[in-house]
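Basically this note's numbering = 1-based index in the sequence shown + 18.
Just so you know, even glycine gets a beta-carbon here, dropped at the ideal spot from N, CA and C.
Working notes, beginning with the structure itself.
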Amino acid sequence: MDKIKTFIDSTKTKEYTESFLIEVLHRVQESYRYLRKDVLAKVAEFMNIPKSRVWGVASFYSYFSLKPRGEYVISVCHGTACYVKGGENILATIIDELGIEEGETTEDMMFTLLTVRCLGACAQAPVMMINGKIYNLLTSKKARKILHQLRADREKKEE
């Protein structure tokens, strides 16, 4: 919270502090993986903005999450090109592999599974994005391999 407070304080030298709200919310989400109600209240206090305004922005934009998310946020594309090229199979594979449905997070807080309308990589369909990185030309086998690698990487970090 100290880093967020420092950032908010730095915006007070600018003419429109409130215009930095979205950037502050991005930083909060990066720190906590979601927008906690208690932290949103502190943001409102620090920025001298009504809580209702902060809540309104946080709940309006689909990028922001008001529920805890996993370490890895998987966004599976459901756009037309991805759908035609087997995107539904990729989603089914991930659901099977993780044991969760779209919009859910694994019990160990490692993965959150989302679907999106388009990731803008139609020529490389089907695609998914994990924490901002695009994985293209997916097959069920390739999707499973990616998930297994992320799990293996996490296990190495924990050793």
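For the candidate residues the options, whose alpha-carbon lies nearest to that of residue i?
i	options	result
residue 183	58, 93 and 96	There is no way to answer for residue 183, as the model of the chain reaches only from 19 to 177.
residue 76	87, 151, 98 and 52	52
residue 90	62, 156 and 151	151
residue 94	56, 137 and 173	137
residue 87	49, 166 and 170	49
residue 134	101, 142, 78 and 27	101
For residue i, write down the residues that DSSP places opposite it in a beta bridge.
i	result
residue 152	147
residue 123	130
Please list the terminal residues of the continuous alpha helix (DSSP H) segment that includes residue i.
i	result
residue 70	69-78
residue 105	105-116
DSSP on residue i, reduced to helix/strand/coil?
i	result
residue 93	strand
residue 64	helix
residue 179	The structure shown does not extend to residue 179, since the chain spans only 19 to 177, so no value can be given for it.
residue 181	Examination of residue 181 is not possible in this model, given that the chain is present from 19 through 177 alone.
residue 157	coil
residue 175	helix
residue 43	helix
residue 101	helix
residue 81	coil
residue 87	coil
residue 137	coil
Where do the N-terminal and C-terminal ends of the beta strand (DSSP E) with residue i fall, by residue?
i	result
residue 130	129-134
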